[in-house]
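S.K.: Here it is: the structure, laid out below.
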Ligand code: FE
């Protein structure tokens, strides 16, 4: 019994697999340094947390400081969202994602993200898998984003604001 108790706080004693990647720890996920927010459109920014090029997904915070239609897009793969601040909705659904809420967007969804009047700031953590495939109301392709365009955006922005292009490397796995 005493042995078990002693063991309970003992760290795992074996080495990790030699090919395992390093963990990522981000102390201020919602950053105080404004330069960390990467501009993505007027009054829209994202903050990278994990840019997983080996599995083709990215984890980021999306921040919006305006009302209106943000984007219409299709998801070939699932998306997970957690609303940290404010609220938003999709024109195609009758629910609103609100502060503290979780959203699962299944593969096959095409929807139009809207932030309504009166919301000063919206921040949501999204895990986006594969691509954001931007479309018009009839599904015609307008553009796309994937983990590689995200990495490029970050690198260019961090270079420009003086953090250095390699600032993004800490988020890449
Ligand atoms: Fe979406």
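In my numbering, the protein residues as written are 78 to 250. In this text, a Cβ means the ideal position worked out from N, Cα and C, and glycines have one as well.
Under DSSP, the beta strand (DSSP E) around residue 230 begins and ends at which residues?
M.R.: Counting along the chain, residue 230 falls outside any beta strand (DSSP E), though it belongs to the alpha helix (DSSP H) covering 224-237.
S.K.: Would you say the beta carbon of residue 156 comes nearer than 8 Å to a heavy atom of the ligand FE?
M.R.: For the ligand FE, at least one heavy atom lies less than 8 Å from the Cβ of residue 156.
S.K.: How should residue 173 be labelled, buried or exposed, when 16 other C-beta atoms within 10 angstroms of its C-beta is the threshold for buried?
M.R.: Burial call: exposed.
S.K.: Any heavy atom of the ligand FMN inside 8 Å of the beta-carbon of residue 210?
M.R.: Although the ligand FMN was asked about, the structure shown includes only the ligand FE as ligands.
S.K.: Taking only three categories from DSSP, how would you classify residue 111?
M.R.: Residue 111 falls in the helix class under three-state DSSP.
S.K.: Could you spell out the range, first to last residue, of the beta strand (DSSP E) harbouring residue 162?
M.R.: Start and end: 156-162.
S.K.: If you follow the beta strand (DSSP E) that residue 148 is in, where does it begin and where does it stop?
M.R.: Where residue 148 is concerned, the enclosing beta strand (DSSP E) stretches over 145-151.
S.K.: So is residue 135 buried or exposed if we call it buried at 16+ other beta carbons inside 10 Å?
M.R.: With 16 or more Cβ atoms within 10 Å of its Cβ, residue 135 is classed as buried.
S.K.: For residue 89, name the three-state secondary structure that DSSP assigns.
M.R.: The answer is coil: DSSP assigns residue 89 none of H, G, I, E or B.
S.K.: Once you ignore the five residues that flank residue 164 on each side, which residues in its own chain have a CB closer than 7 Å to its CB?
M.R.: 173, 174, 175, 176, 196 and 199.
S.K.: Taking C-alpha atoms, which residue in 194, 178, 204 and 210 lies nearest to residue 186?
M.R.: Out of 194, 178, 204 and 210, 210 has the C-alpha closest to the C-alpha of residue 186.
S.K.: Residue 206 bridges to which residues according to DSSP?
M.R.: Its beta-bridge partners are 134.
S.K.: Alpha carbon to alpha carbon, how far is residue 144 from residue 193? Give it in angstroms, no decimals.
M.R.: So the two alpha carbons sit approximately 5 Å from each other.
S.K.: Between which two residues does the beta strand (DSSP E) carrying residue 122 extend?
M.R.: Looking at the DSSP string, the run of the beta strand (DSSP E) that includes residue 122 is 121-129.
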